[in-house]
Amino acid sequence: MALLRITSPHTQRAGRRTSWVMQMVIYATLPGIIVQTWLFGWGTVINLAIAGVAALLSEAAILAMRRRPIRFFLQDYSALLTAVLLGIALPPTVPWWVTVTAVSFAIVFAKQIYGGLGNNPFNPAMVGYAIVLVSFPVPMSQWLGVSSVVASGEMLSFSQSLQAIFHQLPVIDSYTMATPLDGFKHKELLDSQSAFETLPALQAASIDSWLWVNLAYLMGGLALLWLRIITWHTPAALLGALLVMSGLFYVFDTSNAASPFFHLTTGAAMFGAFFIATDPVSSCTSNRGKLIYGAGIGILIYIIRTWGGYPDGVAFGVLLMNFAAPLIDYYTQPRTYGHKKAKTGLKIGGDH
Amino acid sequence: MSTSEETAVNLDTDDTAQDNQPSANYADIIYNGIWKNNPALVQLLGLCPMLAVTSTVVNALGLGLATLVVLVGSNIAVSLIRNYVADAVRLPAFVMIIASFTTCIELIMQAYTYELYQILGIFIPLIVTNCAILGRADAFASRNPVLPSALDGFMMGLGFMAILVALGAMRELIGQGTLFSDMQLLLGEAAIHWKWVVFDDYPNVLFVVLPPGAFIGLGLLIAGKNFLDEREKQRIAAQKAKDGPSNSKRVRVTGQVS
């Protein structure tokens, strides 16, 4: 089995099978899913259902093509977890084919082509997300607004959500609005204070809703920490780096930068920190490596949010640091008891 | 004859030797160019234009044709001068030849297919740097008579163009849901209605239209070729096994002796 080769400590504990870990992570997303459903309507749940079916089908299909045991690998819940993470990350009214594309691409290209669970160098969910974000920018930018702020003043009902996902809801534009990050990104010439006063996406109701979402994922993440499924290193380093970066620029450039609190509680900050960056396969293994890896993602998130082309940078930050993870692991090997000092960095002119 | 043998043979022969025997027979040249030693799928040469311009069939076909013409021309020219160029300066000489042919093609395209010329842009002059062309000039044309060299250039160019067009069709179909759009840029007014909208109301898949999609598409094509090769190998092995164990020198002590 592929996963047994992973040295990540949290999958090696006695009695903790892959399926148990994956199930626990799925359960830990529940508070976030509930809050998202409460704030943005049934779209998230419908997305999750579509994503789950698509993930299981594409995983089964590709396993059959690779002549691997289908039932065995479907039962480790990893495909389902990828689907859940994607269903959460995609906007609630995104058309069904976007979800299916993202999920099947994640399973087939990001995971199985590299050899299945445990062998993928990139986080499958984020690969799927990045693909649809690059390919279909319009549906991917249509987040629903909170009911009190959007023009229609009410939330999409279950049937309306279904309609938006499977057909085309003509009035969907009156329900959608820019997310706070999107709004702040496109404040154009406004300084940040007047942007927070005038832009609809940056009003208290909108910001609070994202605060709730982030708090819910923080709760789920703390549960994972408590269960010792993840360690504190990656999320702490990620959030810390994001805090330091945004704090630094907020102090020096108050009129154009947003506060650290804003950066930590909007977008996918908490979700990314606890659920995406902590993927045991594609992230770093050693504790020191995790700190560097998380900090790298945090810095990249701030850079992409502030100067990049996309409002949020979690997906690209994670993918870029996935590139670097093997190198970081190489230079942060912990010292085994009784051995010499570990390799800590490049030494010019010597290999000892 | 395999390519490694071919190169080995070629390395053995002295450059100044007056060998008028082609190093491979014509069937081998054709098979090598189209399939076995395909410049795009096996040698992976000329990746830069291949990944950059194959977003539609017409772009791929335009660049493929241009490369084909340059490849045939340069192979013929290199083969003609192969006995008169000193070894030390052969590469500069080949590059000069390739560059002149590329300039000709560029001017021709500018004259007759101006819009396509503008779409392909820098990638037409960049044909000079296409390793497939210099590679064939050095590995084949500089050691073979004119006729085999011309055939080799044609077949290599055809193999390259076939993959280019396949990749272009794949990316156009998945990326834009159409096939053969804008063919009039290359083939004139007659092709103006060739555009085939395969999927109506199709959302453009930008990822496939952009160069990253070409990497994945090319990967799939290479995987497909390896799959076919593997199946062919298995078929031959099965055929051999079926044809009879008569060649086997081992004495079988168990099982059925057929």
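Chains W and G supply the protein sequences, listed in that same order.
Each residue of the first sequence is one higher than the one before, counting from 3 in our numbering.
Each residue of the second sequence is one higher than the one before, counting from 5 in our numbering.
We put the CB at the ideal spot given by N, CA and C, even for glycine.
Please report the distance separating the alpha-carbon of residue i from that of residue j.
| i | j | result |
| --- | --- | --- |
| E9/G | K199/G | Reliability fails at E9/G, whose pLDDT of 44 lies under 50, so the model's placement of it is uncertain and the value that follows must be treated cautiously. Rounded to the nearest angstrom, the two C-alpha atoms are 45 Å apart. |
| S51/W | V86/W | Sequence inspection shows Ala at residue 51/W; the Ser mentioned does not correspond to that position. Taking the straight line joining both Cα atoms gives about 9 Å. |
| N63/G | M165/G | 11 Å |
| R235/G | L119/W | 27 Å |
| P313/W | M67/W | 38 Å |
| T334/W | F42/W | 42 Å |
| V57/G | E199/W | 47 Å |
| F231/G | D281/W | 33 Å |
| H169/W | L72/G | 47 Å |
| W214/W | L191/W | 29 Å |
| F264/W | T103/W | 32 Å |
| D19/G | L84/G | Because the pLDDT at D19/G is just 43, under 50, the model does not fix this residue reliably, and the value given afterwards should be weighed accordingly. Those two C-alpha atoms are separated by around 13 Å. |
| A103/G | S59/G | 25 Å |
| L240/W | I299/W | 6 Å |
| V55/W | I305/W | 35 Å |
| A218/G | A166/W | 32 Å |
| D247/G | Q238/G | 14 Å |
| R86/G | T107/G | 22 Å |
| T46/W | G34/W | 10 Å |
| E110/G | K40/G | 30 Å |
| D210/W | N216/W | 10 Å |
| S21/W | P71/W | 16 Å |
| V105/W | G296/W | 25 Å |
Listing by chain order, which chain G residues have their CB less than 7 Å from the CB of residue i?
| i | result |
| --- | --- |
| S137/W | V209, L210, F211 |
| I133/W | F211 |
When burial is assigned at 16 or more other CB atoms within 10 Å of the CB, is residue i buried or exposed?
| i | result |
| --- | --- |
| L250/W | exposed |
| I303/W | buried |
| Q162/W | buried |
| P152/G | buried |
| Q195/W | exposed |
| K113/W | buried |
| S284/W | buried |
| W309/W | exposed |
| T256/W | exposed |
| V129/W | buried |
| G117/W | exposed |
| Y131/W | buried |
| T95/W | buried |
| D156/G | buried |
| Q38/W | buried |
| P126/W | buried |
| Y254/W | In the sequence as displayed, the identity of residue 254/W is Phe instead of Tyr. By the neighbour-count rule (16 or more Cβ atoms within 10 Å), F254/W is not buried but exposed. |
| I196/G | exposed |
| Q205/W | buried |
| G319/W | buried |
At 8 Å on the CB atoms, spell out the chain G contacts of residue i, in chain order.
| i | result |
| --- | --- |
| F168/W | Correct list: empty, because the minimum Cβ distance to chain G is about 15 Å. |
In chain G, which residues lie with their C-beta within 9 Å of the C-beta of residue i?
| i | result |
| --- | --- |
| F111/W | I220 |
Can you name, in chain order, every residue of its own chain whose Cβ lies under 6 Å from the Cβ of residue i, other than the five neighbours on each side?
| i | result |
| --- | --- |
| W145/W | P93, T181 |
| L120/G | G66, L189, L190 |
| V100/W | V134, F138, P141 |
| R18/W | none |
Could you name the residues of the same chain whose beta carbon sits closer than 8 Å to that of residue i, not counting the 5 residues immediately before and after it, in chain order?
| i | result |
| --- | --- |
| F98/G | S78, V82, L138, A141, D142, S146 |
| M113/G | G66, A70, L120, Y121, L124, I128 |
| I36/W | A218 |
| N122/W | A112, K113, Y116, V283, S284 |
| I80/G | A145, V150, S153, A154, G157 |
| H354/W | With a pLDDT of only 49 at H354/W, under 50, the local geometry of the prediction cannot be trusted, and no value is derived from it. |
Only counting the same chain, and skipping five residues up and downstream in sequence, which positions put a Cβ closer than 7 Å to that of residue i?
| i | result |
| --- | --- |
| I301/W | A243, M247 |
| P96/G | none |
| T31/W | V86, I90, G222, F277 |
| L183/G | V61, A173, E176, L177, W200, V202 |
Cβ pair count under 8 Å reaching 3, the region 25-34 of chain W against the region 225-239 of chain W: yes
contact_flag[the region 279-299 of chain W, the region 230-237 of chain W] where n(CB pairs < 8 Å) is 3 or more: yes
Meets three-Cβ-pair contact criterion under 8 Å: the region 220-231 of chain G and the region 45-62 of chain G: yes
At least three beta-carbon pairs within less than 8 Å, the region 179-198 of chain W to the region 305-325 of chain W: yes
Touching by the beta-carbon criterion (3+ pairs, under 8 Å), the region 155-165 of chain G and the region 197-212 of chain G: no
Inter-stretch contact at 8 Å, needing at least 3 Cβ pairs: the region 263-282 of chain W / the region 207-224 of chain W: yes
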